[in-house]
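The structure under discussion appears below in the form of structure tokens.
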Amino acid sequence: MNPLLLILTIPKVDRRAYLSGYKDGQEKICQENFVYAWGLAGRIFPASCDTAENATALRTAWKQGMDEGTKASRLN
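Be aware that the sequence shown starts at 581, since it is given in this note's numbering, and climbs by one per residue.
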């Protein structure tokens with residue numbers, strides 16, 4: 581399909597609703613215990629948490645989980 585036609589067929593995005601949903605998701609995901617568990621499971625740091633007010637603490641918690649998960653997998 582022609583890219584121009586594709587652009588013309590995309591409905592307008594409700595930016596306010598999008599940003600509201602993004603913020604809701606960010607509030608659920610960007611918690612220290614949540615990112616710690618993600619690190620423990622070997623998952624990458626959620627990019628949306630890079631802009632959270634407590635991004636440094638979140639990255640520290642995630643790294644701690646990642647380090648502990650890596651250490652545990654080496655022991656098994």
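C-beta atoms are modelled at their ideal positions from N, C-alpha and C, and glycine is treated no differently.
Here the structure is a predicted model, which is why all the values come from computation and not from measurement.
Close CB contacts of SER628 within its chain, under the 8 Å cut and outside five residues either way in sequence, are with TYR602, GLY605, GLN606, ILE609, CYS610 (chain order). Counted as a single uninterrupted DSSP element, the alpha helix (DSSP H) harbouring ALA617 occupies residues 612-620. From the listed residues SER653, LYS651, ARG623, the smallest Cα separation to ARG639 is found for ARG623. Taking each of GLN644, SER653, SER600 in turn and checking the Cα distance to TRP618, the smallest one comes out for GLN644. For ARG596, the enclosing alpha helix (DSSP H) has its first and last residue at 595-609.
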